[in-house]
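**Q**
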Amino acid sequence: MESYLKSKKIFYGWWLLVGSTGVMVMQGAFNAYGFPVFFVPLAASLGTNRGLLSMAFSFSRLESSLLGPFEGYLIDKLGPRKIMYLGFAIWGLGFLLFSRVNSITTFFMVFPIIALGASLAGFLPAITAVNNWFSKRRAFATGITSAGVNLGGILVALLVLSISSIGWQSTSFLLGIIIWIAGFPLAKIIRHKPQDYGYLPDGELDPVVLNENLSSDNYLQVESSDFSWQQALKTPAFWLLASAHGFSLFIVGTVSIHQMPLLDDAGITFEMAGTIVAIMTAIAMAGRVLGGYLGDKFGRKLILLACFSMMSIGVLLLATTKTVSQSILYAFFYGLGYGARAPILVALRGEYFGPKNFATIMGLSQPIMVIGTFFGPVAAGYAYDLQGSYTTIFTIIAGLNMIGAILVFFIKPPSINDYQS
């Protein structure tokens, strides 16, 4: 593998992109979109309410986000592959234990194990590797990788079928085995930095080559200026990016958990709801690639504003849906906006702060971003328990998302010279 990796005929970054995308497919199928499918049958089996289960989902995100800085530091120091190996081991074990859950107490004991494993085997290590191996094509490569989440989301329909056929506990046990079988080979493909194998980002082999065809974004100047995490924390760009991202996650966190229950309440069958989620994730997958491409070519702030706006429109459509046709309209607006925004927000950090400490800086953003992913789902769950409807709370989070869009306009690229002592 190592000798082949050094081959100059095929840039290994493309193979790494395949591996990282495969990892994100698993994240979409078994975590981001897949695990909330357990929500309705789990609540019925345990005899509990949605607010309590929503709190468990939110606490898992809180756990992952608070560990973000530590996880990011380990990824930058040890490399993403070692962290992924550990993550897949824990994640698979968590699902095996989840198959034995028979009370709300055991659920609260087991679910953090699943959340920890999914975090260590997921987004941050995969996207760090991609960030290191690509620069001029960073947003596009990030879009392809993150599209894996949505590709995995399309498999939700199969997960729904499995739960309907063999039950949620047998399905959980099966997922644990699949995670082990598929996860370790995918992690083996991941590599930390291209410089270790005679490459520069994007497959360039000679620094002189990098001085040709400079982009309008002053590629070389940004790439040669790696911020330390301490310097990054002093920049307005860090806080504005994290806050804008966090406001958008009020919607993302809430929708990922509550869209299936909401569609169920709207009188849409469990199977059709799974199909609508699959349609939304397919559109989001295309949106991620499109957003990455546009992010490398055109103004990012304008694109992000459109993305945030489409997300809010989609959520309002979902909150008031009574028909399959309106639900599909939700899938289009939300899916396209949600998908396209993600690679741009992530790639901006790599472009502004450099790749050297990317995982640590991204990890430091997570405690800020978790405000949306934690409070959004919990508020929606308890609002439903109190009002019997999601309409009011979904309208509120649509507005919070637009606050994030406003913050985007104030983001300016930081200069390393302003933060050197």
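Using the working numbering, the first residue of the sequence shown is number 6, and each one after it goes up by one. Glycine included, C-beta positions come from ideal geometry on N, C-alpha and C.
#1: Could you tell me if Phe379 is buried or exposed, where buried requires 16 or more neighbouring beta carbons within 10 angstroms of its beta carbon?
#2: Taking the beta carbon of Ser221 as the centre, do at least 16 other beta carbons fall within 10 Å, making it buried, or is it exposed?
#3: Locate the alpha helix (DSSP H) running through Asn137, then write down its first and last residues.
#4: What separation, rounded to the nearest whole angstrom, lies between the Cα atoms of Ile171 and Phe112?
#5: Please check the pair Pro418 and Ala134, which I expect to be a contact at CB under 8 Å, by giving their CB distance rounded to whole angstroms.
#6: Output the distance between the C-alpha atoms of Val329 and Thr397, rounded to the nearest integer angstrom.
#7: My understanding is that Pro206 touches Phe139, with C-beta atoms under 8 Å, so please give their C-beta distance in whole angstroms.
#8: Helix, strand or coil: which one does DSSP assign to His263?
#9: What is the DSSP secondary structure of Asn54, counted as helix, strand or coil?
#10: Determine the direct distance from the alpha carbon of Met316 to that of Ala291, and round the result to whole angstroms.
#11: Would the beta-carbon of Gly359 be found less than 7 Å away from any heavy atom of the ligand GDP?
#12: Within the same chain, show all residues whose beta-carbon is closer than 6 Å to that of Gly24, passing over the 5 residues directly before and after it, in chain order.
#13: So what does DSSP say about Glu276, is it helix, strand or coil?
#14: What is the residue span of the alpha helix (DSSP H) that Arg354 lies within?
#15: Rounded to whole angstroms, what is the Cα-Cα separation between Ser280 and Ser248?
#16: Once the 5 residues before and after Asp301 are set aside, which same chain residues still bring their CB inside 7 Å of it?
#17: Just to check my reading of the structure: His250 and Met374 have Cβ atoms closer than 8 Å, yes? What is that Cβ distance to the nearest angstrom?
#18: Anyone know if the C-beta pair for Phe189 and Tyr90 falls short of 8 Å?
#19: Measuring alpha carbon to alpha carbon, tell me which of Met114, Gly359, Ser151 and Ile118 ends up nearest Met31.
#20: Reducing DSSP to helix, strand and coil, say where Ser167 ends up.
#21: Using only the alpha-carbon positions, how far apart do Gly409 and Gly296 sit?
#22: Should Asn137 and Pro360 be called a contact, given that it needs their Cβ atoms to be closer than 8 Å?
#23: Assuming Thr326 is part of the alpha helix (DSSP H), what are its boundary residues?
#24: Is it buried or exposed, Trp19, if we count other Cβ atoms within 10 angstroms and call 16 or more buried?
#25: DSSP state of Tyr78, grouped into three classes?
#26: Hey, how far is the Cα of Leu254 from the Cα of Leu21?
#27: Using 8 Å as the cut-off, can you tell me whether the segment 61-77 makes contact with the segment 164-184, which would need three or more C-beta pairs spanning the two stretches below that distance?
#28: Quick one, are the C-beta atoms of Arg305 and Pro348 less than 8 Å apart?
#29: Quick check on Asn422: buried or exposed, where buried means 16 or more other Cβ atoms within 10 Å of its Cβ?
#30: If I follow the unbroken alpha helix (DSSP H) through Ile416, where does it start and stop?
#31: Taking the beta carbon of Glu276 as the centre, do at least 16 other beta carbons fall within 10 Å, making it buried, or is it exposed?
#32: Out of Val115, Ala237, Val42 and Ile182, point me to the one whose CA is closest to Ala283's CA.
#33: Can you tell which of Gly377, Thr274 and Leu353 has its C-alpha closest to the C-alpha of Ile366?
#34: At the level of alpha carbons, what is the spacing between Ser420 and Leu160?
#35: In terms of residues, what are the limits of the alpha helix (DSSP H) holding Phe112?
**A** If we stick to the structure as given:
#1: Counting from 1 along the sequence shown, the entry for residue 379 is found at position 374. Classification for Phe379: buried.
#2: On the sequence shown, residue 221 is found 216 positions in, with the first residue counted as 1. Caution applies to Ser221, whose pLDDT of 37 falls short of 50 and renders its modelled position unreliable; the model cannot decide the point.
#3: The count along the sequence shown starts at 1 and reaches residue 137 at position 132. Per DSSP, Asn137 belongs to the alpha helix (DSSP H) from Phe128 to Trp138.
#4: Working through the sequence shown from its first residue, we reach residue 171 at position 166. Working through the sequence shown from its first residue, we reach residue 112 at position 107. The straight-line gap from Cα to Cα measures roughly 20 Å.
#5: As a working mapping, residue 418 is identified with position 413 in the sequence shown. As a working mapping, residue 134 is identified with position 129 in the sequence shown. Actually they do not touch by this definition, with Cβ atoms about 24 Å apart.
#6: As a first step, residue 329 must be located in the sequence shown, where it is residue number 324. As a first step, residue 397 must be located in the sequence shown, where it is residue number 392. Near 21 Å, if we compare the C-alpha coordinates of Thr397 and Val329.
#7: Residue mapping note: residue 206 aligns to position 201 of the sequence shown, counting from 1. Residue mapping note: residue 139 aligns to position 134 of the sequence shown, counting from 1. Confirmed, about 6 Å.
#8: Within the sequence shown, residue 263 is the residue found at index 258, counting from 1. In this structure, His263 counts as helix in the three-state DSSP scheme.
#9: Locating residue 54 in the sequence shown gives position 49, where the first residue counts as 1. Of the three classes helix, strand and coil, the one that applies to Asn54 here is coil, per DSSP.
#10: Looking up residue 291 in the sequence shown gives position 286. Looking up residue 316 in the sequence shown gives position 311. Each residue's alpha carbon lies about 15 Å from the other.
#11: Of ligands this structure carries none, so the ligand GDP is not represented either.
#12: Position 19 of the sequence shown, counted from the start, is the residue given in the question as residue 24. Taken in chain order, the residues that qualify are Leu191, Ile194 and Ile195.
#13: Counting from 1 along the sequence shown, the entry for residue 276 is found at position 271. Of the three classes helix, strand and coil, the one that applies to Glu276 here is helix, per DSSP.
#14: Reading the sequence shown from its first residue, position 349 is the one you call residue 354. Val329 to Phe358 is the extent of the alpha helix (DSSP H) around Arg354.
#15: Residue numbering aside, residue 280 sits at position 275 when the sequence shown is read from its first letter. Residue numbering aside, residue 248 sits at position 243 when the sequence shown is read from its first letter. The displayed chain sequence assigns Thr, not Ser, to residue 280. Taking the straight line from one Cα to the other gives about 32 Å.
#16: Your numbering for residue 301 matches position 296 in the sequence shown. So the list reads Arg142, Ala144 and Phe145, once near-sequence residues are dropped.
#17: To locate residue 250, count along the sequence shown from 1; it is residue 245. To locate residue 374, count along the sequence shown from 1; it is residue 369. Rounded, the Cβ-Cβ distance is 5 Å, consistent with contact.
#18: Within the sequence shown, the letter at position 184 stands for residue 189. Within the sequence shown, the letter at position 85 stands for residue 90. Cβ atoms of Phe189 and Tyr90: closer than 8 Å.
#19: By 1-based counting over the sequence shown, the position of residue 31 is 26. Among Met114, Gly359, Ser151 and Ile118, the Cα nearest to that of Met31 belongs to Ser151.
#20: Along the sequence shown, read from residue 1 onward, the residue named residue 167 stands at position 162. Note: Ser167 maps to helix in three-state DSSP.
#21: Numbered from 1 along the sequence shown, position 404 holds the residue referred to as residue 409. Numbered from 1 along the sequence shown, position 291 holds the residue referred to as residue 296. Each residue's alpha carbon lies about 17 Å from the other.
#22: Start at 1 with the first residue of the sequence shown, and residue 137 comes out as number 132. Start at 1 with the first residue of the sequence shown, and residue 360 comes out as number 355. Cβ atoms of Asn137 and Pro360: closer than 8 Å.
#23: Here residue 326 is taken as the residue at index 321 of the sequence shown, counted from 1. Taken as a continuous stretch (DSSP letters only), Thr326 belongs to no alpha helix (DSSP H), as it is neither H nor E.
#24: By 1-based counting over the sequence shown, the position of residue 19 is 14. Result: exposed.
#25: Taking the first residue of the sequence shown as 1, we reach residue 78 at position 73. Residue state, collapsed to three classes: helix.
#26: Here residue 254 corresponds to residue number 249 of the sequence shown, with the count starting at 1. Here residue 21 corresponds to residue number 16 of the sequence shown, with the count starting at 1. About 27 Å.
#27: no
#28: Your numbering for residue 305 matches position 300 in the sequence shown. Your numbering for residue 348 matches position 343 in the sequence shown. Cβ distance not < 8 Å, so Arg305 and Pro348 don't count as in contact.
#29: Numbered from its first residue, the sequence shown carries residue 422 at position 417. Classification for Asn422: exposed.
#30: Position 411 of the sequence shown, counted from the start, is the residue given in the question as residue 416. It is not in any alpha helix (DSSP H) - Ile416 carries neither H nor E in the DSSP assignment.
#31: Start at 1 with the first residue of the sequence shown, and residue 276 comes out as number 271. Glu276 should be labelled exposed.
#32: Here residue 283 refers to the residue found at position 278 when the sequence shown is read from its first residue. The residue with the shortest Cα to Cα distance from Ala283 is Val42.
#33: In the sequence shown, residue 366 corresponds to position 361, counting from 1. When only C-alpha atoms are compared, the closest one is Leu353.
#34: Along the sequence shown, read from residue 1 onward, the residue named residue 420 stands at position 415. Along the sequence shown, read from residue 1 onward, the residue named residue 160 stands at position 155. About 43 Å.
#35: Numbered from 1 along the sequence shown, position 107 holds the residue referred to as residue 112. Here the alpha helix (DSSP H) through Phe112 covers Ile109 to Leu125.
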